[in-house]
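Residue numbers (our numbering), protein chains in the order written: chain A, 1 to 85; chain B, 1 to 142. Think of the CB as a built atom: it goes at the ideal place given N, C-alpha and C, for glycine as much as any other residue. Every value quoted in this text rests on a predicted model; they were computed, and no experiment measured them. Notes to accompany the following structure.
Printed below as a string of structure tokens:
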């Protein structure tokens, strides 16, 4: 449970914020082929896979990795719009 | 009254730069002459700048747009813009082989592939918007 009483999930707001920073660096990179963008994308994908394997795969077996990753991306977009870096 | 400029407006503003490059490229019958290469190299640099600038605009607008369908439209239009540059360059790449043309072609192709990747990602996200996810997986909305 967060400080304000709004339930967190298996994937927390802090996780989303962390992923959103990485997402921003590659999805909206002005230089999409830059080393920074590629590194950010690689770290993002690794973190999404880690979260899925550790917190989702067994507990929420009906959720496929593809769907999870898709939702994460949407949440990152939403987070970035609401919290400009 | 506030003036609103859409991404399509920006594309239409930038498009003539590619058309100008094509016009200059086709105007020289002797591409090996110093004048021809100098003029065309200048056009290549201008189009490179235009491509980079337009991509930045696409990226900035995609970032602030709430509607995923608008985001997909931005990347689709940017991809088409890159394709327009590629078509212009395809016919000039061999004619002006020493004027930076091949490098610009590669840049336009790289940008197009980046746009297409982002477009596919957004289309997937649009599809998964209708999916139900179990309670307790993601933070509840505030």
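Measuring CA to CA, which of the options is closest to residue i?
i	options	result
residue 38 of chain B	B:97, B:58 and B:134	B:97
residue 118 of chain B	B:105, B:78 and B:45	B:78
residue 76 of chain A	A:22, A:35, A:10 and A:56	A:22
residue 55 of chain B	B:141, B:83 and B:125	B:83
residue 82 of chain A	B:20, B:6, B:8 and B:141	B:141
residue 95 of chain B	B:33, B:11 and B:13	B:33
residue 38 of chain A	A:26, A:47 and A:45	A:26
residue 31 of chain A	B:112, B:134 and B:120	B:112
residue 115 of chain B	B:61, B:93 and B:76	B:76
Along the chain, where does the alpha helix (DSSP H) that runs through residue i open and close?
i	result
residue 82 of chain A	65-82
residue 42 of chain B	34-64
residue 43 of chain A	35-51
Considering only their Cβ atoms, is the gap separating residue j from residue i smaller than 9 Å?
i	j	result
residue 86 of chain A	residue 51 of chain A	In the structure as shown, chain A begins at 1 and stops at 85. Residue 86 of chain A is therefore absent and cannot be evaluated.
residue 59 of chain B	residue 28 of chain A	yes
residue 132 of chain B	residue 68 of chain B	no
residue 44 of chain B	residue 21 of chain B	yes
residue 88 of chain B	residue 19 of chain B	yes
residue 11 of chain A	residue 69 of chain A	no
Under the assumption that residue i contacts residue j (Cβ atoms under 8 Å), give the Cβ distance between them as a whole number of angstroms.
i	j	result
residue 8 of chain A	residue 139 of chain B	5 Å
residue 14 of chain B	residue 50 of chain B	5 Å
residue 57 of chain B	residue 107 of chain B	About 16 Å; that fails the 8 Å criterion.
residue 20 of chain A	residue 79 of chain A	4 Å
Are the region 13-27 of chain B and the region 46-62 of chain A touching, with three or more C-beta to C-beta distances below 8 Å? no
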